[in-house]
Structure formats: C-alpha cells, structure tokens
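FYI, this note's numbering numbers position 339 of the sequence shown as 530, with every residue one higher than the one before it. Beta carbons: idealized from backbone N, C-alpha and C, even for Gly. What follows is a single structure, written as structure tokens, with notes after it.
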Amino acid sequence: MTQSTAWDHPEPLAVESAPVPEYGSGSLADLLPTLAAGMGVPAMTAAIPELAPVDRACVFLIDGLGWQQLRAHPEDAPFLTSLLGSSRGGTGRPLTAGYPATTATSLASVGTGLPPGAHGLPGYTVRNPATGELMNQLRWQPYSEPRSWQPYPTVFQLAHQAGVHAAQVSSPTFENTPLTRVALSGGTFLGRLTGEDRVDVAAEQLAAGDRALVYTYYSELDGAGHRYGVDSDTWRGQLMAVDRLAQRLAEQLPPRSALYVTADHGMVDIPFDEQHRIDFDEDWELRAGVALLGGEGRARHVYAVPGAEGDVLTCWREVLGEQFWVASRDEAVAAGWFGPRIDDRVYARIGDVVAAARDDVLLIASEREPKESSMVGNHGSMTPAEQLVPLIEVRP
C-alpha cells in the first residue's frame, strides 16, 4: 500500500463521466416534435417512443419543477404525485432538460425542438462573437437581432402552417419578448395574468381545433426556489398552487386530448459558506487569463484572453476539478453536452472552458453578479436534481 504524500493531487473529474442529457430520445427538445409528428406535421420526428399520438396536446411547463423535488414533497402535490407513474408514456421515467439546465436554454429547446448546440442559446449568459460582449439570453441584453441569433422556425410555427391550431397562454409580459419570438412564437398568443385564467384559456384553446398544440407556463415556483430554497414554506406553498392548477386543467380536457406537465429544470439549495460558494471575484487563480465569465454559478462559460486558453483550462481543473466537470470547448462539444451537433454560428458562443458542477457547490461572482450570487436555490448543471424533469400525462 502506497502512503500518500503532500505532493499527491486527486485526479480531476473526467469529462466523459458527466451524465449527458438524452438528446434525440428523451430530452425536452424531443417533446414538441414528438407531439407534432403524431398530428401529422411534416418534417417532425416522434423522438420519444413512449408517447402515443394524440390529436390535441397541451404542454403545461412549470418553471423549476424538478423530478426529484416533486418526488420529495408528495404531501404538497397529491394530484401530480398520484400521476408520477404516467410520466413519459407510462414508464414512470423523467425527461432530461438539456445542458445547461436553465430557463432560456430549456424554453428554446422546447419551442424549437432542437438541442442547444443547434438553436444557439447555450447558457444564461454567453459571449456574442460579433461584439465580444456577454449577452443575457433570458433578458436579451444587450439586444441582438432575434432571428439572426436563432434562425430556426418553432414547432408552433410549423404546426400552424400545417393546419394545427397552435396557441401559447402565458403572462402578458412575455408576449413580445425576443425570447418568446425565437423560442415560442407561432399561432396565437393569449396573455393572462393569473394561473387560473391561463389554464382555463388553455383548455378552451385545446378544444378550438380538431388538431391543437397548446402551451401554457407558470413561473412563480422557480422564483420561490431561487429566493427561499426548495425546502422553504414559500416554495411548498407554490407547489401546492401548481398542483391545484394542474388538476384544474386536467378536469377540463376535451375529447381526444392529452395534458403533459413538465418543467425546464430542477433546483438545488446551496449553503452560504465559503466551502459551498467559491467567489470568482475574490480568487486570483480563477481570474487569471479570463476575459469574460459567463453562464451561471453551476454552469459556467469561461472566455479566455487570446492565447491563454490552455492555461485557464489547466488552472480551472486544478482548482475546481474535484467538484466540477471542467472541459475545453472542444471536449464539451465532443462529449455531446450541448447536443449531437453544434452549428457554426453557435460554436464561439460556448466558453473556451466550460465548468459544470457535480457537487453541492456554486461558483459565484459577488461583485459582477450580486443578485445571482445571493440566490438560495440554483440550477444549470447535469446532476439529477437539476436535469431530471417530469413528463406527467393526463388523458380524459
């Protein structure tokens, strides 16, 4: 037996050990194409084999409702919990969100039916190669022309063109946002303020055509998780509200329809101490050679000063490699983190170094990202708590 010495260093996590999302067979990007294919929409593929075709489909996306979090709180969500066995066509299995497991990326995957490497929203903030600036893809700041950034049609647009009644029912705030335009537009947008109004209108829209594809959205659960954590009374109260909304919608389903309750990501609570929260703005080793820090605390894009890419990768592996999967851009692409293909326009948006958290740890930036650094609940990486989302199915 060899005695360890002070010179021994644990090996960093292997890039290939990261649990890559189920692109092409069981990810969020596969959901709408599967439903649209069942309605006869051209060029759509039924990628999730467990889902039987249906003439009218409603997708109810609950922001932040991870598979593990739902299973951990059966008393707060009795209706949804009773249907967990129906997930993914009765297999009782979840879907994977895609990498990173964050709202802008996931909503684009849902609406376009494409993985991040194709639709081009591969993170919370990413570098715009045309300007060299970080772009926040959730808030679309600084502004970039939406159709140049994401040129593919949405599944709703293709369904509408094929004669399917397509509709989105969400907060009026989202009607004309760039993210909605590139990810969720097509057919009719109906803005409603309350969750009750949204599910009622979604049920009406579902019955408005012989073939219908309807989407509705609820964001408040995610907000409660970020602010208070997924073990908080506030979060549980929101989960109770979500459960009632899902049941309300299920009870109004018209004939020949199905409701699919899913989410864009899960969430993990990260303790507020130096062991669990590493501050980039106070760590000279991690800052060395870095021109821009993108992504978010559990899914970082790191853009190096030209010529420093190799040194930054080496340093980040040495400092973080036991807790994060740390990959070069080419390694992450080859491992399939962002999907089976990367469009040319997307390649340089991905960091020179990509770091995805495995452990309950967060890489904050207290000075440049004060709001994000103060959140209790976080997400973005490839762990089951963040990646796995339900696909609960209800038929009348």
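When the distance is taken between beta carbons, is Asp-455 closer than 8 Å to Thr-294?
One-based indexing of the sequence shown puts residue 294 at position 103. One-based indexing of the sequence shown puts residue 455 at position 264. A contact, by the Cβ cut-off of 8 Å.
Residues that DSSP places opposite Ala-248 in a beta bridge:
Translated into the one-based positions of the sequence shown, residue 248 becomes position 57. Answer is Leu-404, Ala-449.
Cutoff 7 Å; reference Val-510; Cβ partners in own chain excluding five residues on either side:
Walking along the sequence shown from the start, residue 510 turns up at place 319. Excluding sequence positions up to five before and after Val-510, its CB lies within less than 7 Å of the CB of Glu-476, Leu-477, all in the same chain and listed in chain order.
What is the rounded straight-line gap between the Cα of Met-431 and the Cα of Leu-440?
For the purposes of this step, residue 431 is taken as residue 240 along the sequence shown, with counting starting at 1. For the purposes of this step, residue 440 is taken as residue 249 along the sequence shown, with counting starting at 1. Taking the straight line from one Cα to the other gives about 15 Å.
Please give me, in chain order, every unbroken run of the alpha helix (DSSP H) with length at least 4 that falls completely inside the stretch 369-434.
Secondary structure in the stretch 369-434: the alpha helix (DSSP H) runs of 4 residues or longer, each lying completely within the stretch, are 369-374, 386-397, 411-419 in chain order.
Rounded to a whole number of angstroms, what is the C-alpha to C-alpha distance between Leu-370 and Leu-381?
Here residue 370 corresponds to residue number 179 of the sequence shown, with the count starting at 1. Here residue 381 corresponds to residue number 190 of the sequence shown, with the count starting at 1. Spanning the two alpha carbons is a distance of roughly 16 Å.
Apart from the five residues just before and just after Ser-195, which ones in its own chain have a Cβ nearer than 7 Å to its Cβ?
Translated into the one-based positions of the sequence shown, residue 195 becomes position 4. For Ser-195, the predicted model reports a pLDDT of 39, less than 50, meaning its position is unreliable; a value from the coordinates is still stated below. Closer than 7 Å at the Cβ level, and outside the excluded window around Ser-195, lies no residue.
How long is the line joining the alpha carbons of Glu-442 and Pro-497, rounded to whole angstroms?
Walking along the sequence shown from the start, residue 442 turns up at place 251. Walking along the sequence shown from the start, residue 497 turns up at place 306. Taking the straight line from one Cα to the other gives about 58 Å.
Close-in-space but distant-in-sequence residues of the same chain around Val-392 (CB under 6 Å, 5 per side omitted):
For this step, residue 392 is matched to residue 201 along the sequence shown. For Val-392, the CB contacts under 6 Å within the same chain, skipping 5 residues up- and downstream, are Val-360, Leu-381, Arg-383 in chain order.
If you draw a straight line from the C-alpha of Gly-377 to the C-alpha of Gly-311, how long is it?
For the purposes of this step, residue 377 is taken as residue 186 along the sequence shown, with counting starting at 1. For the purposes of this step, residue 311 is taken as residue 120 along the sequence shown, with counting starting at 1. In a straight line, the C-alpha of Gly-377 is about 19 Å away from that of Gly-311.
Cut-off 8 Å between Cβ atoms - residues of its own chain near Tyr-409, not counting five sequence neighbours on either side:
To locate residue 409, count along the sequence shown from 1; it is residue 218. Only Phe-251, Leu-252, Ile-253, Asp-254, Gly-386, Arg-389, Val-433, Leu-436 meet the Cβ criterion.
Is DSSP giving Gly-485 helix, strand or coil here?
Here residue 485 refers to the residue found at position 294 of the sequence shown. Strand.
On a Cα-Cα basis, can you pick out the residue from Thr-379, Glu-487, Pro-581, Ile-239 that is closest to Tyr-406?
As a working mapping, residue 406 is identified with position 215 in the sequence shown. Residue Thr-379 is the option with its Cα nearest to Tyr-406.
What's the call for Tyr-588, buried or exposed, on a 16-neighbour Cβ count within 10 Å?
No answer is possible for residue 588: it lies beyond the span of the chain, which begins at 192 and ends at 587.
Give the straight-line distance between the Cα atoms of Gln-352 and Gly-283, rounded to the nearest whole angstrom.
On the sequence shown, position 161 is the one that residue 352 refers to. On the sequence shown, position 92 is the one that residue 283 refers to. Roughly 34 Å between the two C-alpha positions.
Of the residues Leu-553, Ser-300, Leu-329, Leu-484, which one's Cα is nearest the Cα of Arg-318?
The residue given as residue 318 occupies position 127 in the sequence shown. Answer by Cα proximity: Leu-484.
Within 10 angstroms of the Cβ of Asn-367, are there 16 or more other Cβ atoms? Answer buried if so, exposed if not.
Position 176 of the sequence shown, counting from 1, holds the residue named residue 367. Burial call: exposed.
Rounded to whole angstroms, what is the Cα-Cα separation between Leu-404 and Leu-226?
Here residue 404 refers to the residue found at position 213 when the sequence shown is read from its first residue. Here residue 226 refers to the residue found at position 35 when the sequence shown is read from its first residue. Leu-226 has its alpha-carbon roughly 8 Å from the corresponding atom of Leu-404.
Using the rule of at least 16 other Cβ atoms within 10 Å of the residue's Cβ for burial, across every protein chain shown, is Gly-217 buried or exposed?
The residue given as residue 217 occupies position 26 in the sequence shown. Counting Cβ neighbours within 10 Å, Gly-217 comes out buried, since at least 16 surround it.
Quick check on this structure: which residue in Glu-411, Gly-304, Ala-546 has the alpha carbon closest to the alpha carbon of Ala-220?
Within the sequence shown, numbered from 1, the residue matching residue 220 stands at position 29. Answer by Cα proximity: Gly-304.
Who are the near neighbours of Asp-534 in its chain, counting only those whose CB is closer than 8 Å to its CB and skipping five residues on each side?
Counting from 1 along the sequence shown, the entry for residue 534 is found at position 343. Excluding positions up to five away in sequence, the list reads Gly-308, Ala-309, Gly-311.
Opening and closing residue of the beta strand (DSSP E) in which Ala-494 lies:
Counting from 1 along the sequence shown, the entry for residue 494 is found at position 303. Just to set this straight, residue 494 is Tyr in the shown sequence, not Ala. It spans 490-495 - the beta strand (DSSP E) in which Tyr-494 sits, taken as one unbroken run.
Contacts around Ala-243, its chain only, beta-carbon distance under 8 Å, and the 5 residues preceding and following it disregarded:
The residue labelled residue 243 in the question sits at position 52 within the sequence shown. Taken in chain order, the residues that qualify are Gly-229, Gly-280.
Arg-586 and Val-545 closer than 8 Å at C-beta
If you number the sequence shown from 1, residue 586 lands on position 395. If you number the sequence shown from 1, residue 545 lands on position 354. The answer is no: Cβ separation not under 8 Å.
State buried or exposed for Ser-508, treating a residue as buried only when at least 16 other CB atoms are found within 10 Å of its CB.
Position 317 of the sequence shown holds residue 508. For the sequence presented, residue 508 should be read as Arg rather than Ser. Counting Cβ neighbours within 10 Å, Arg-508 comes out buried, since at least 16 surround it.
Quick check on DSSP: helix, strand or coil for Ala-227?
Position 36 of the sequence shown holds residue 227. Reduced to three states, the DSSP call for Ala-227 is helix.
Euclidean distance between Cα positions of Gly-571 and Gln-259:
As a working mapping, residue 571 is identified with position 380 in the sequence shown. As a working mapping, residue 259 is identified with position 68 in the sequence shown. Near 15 Å, if we compare the C-alpha coordinates of Gln-259 and Gly-571.
Sub-8 Å separation of Val-245 and Ala-526 beta-carbons
Position 54 of the sequence shown, counted from the start, is the residue given in the question as residue 245. Position 335 of the sequence shown, counted from the start, is the residue given in the question as residue 526. Not closer than 8 Å, so no.
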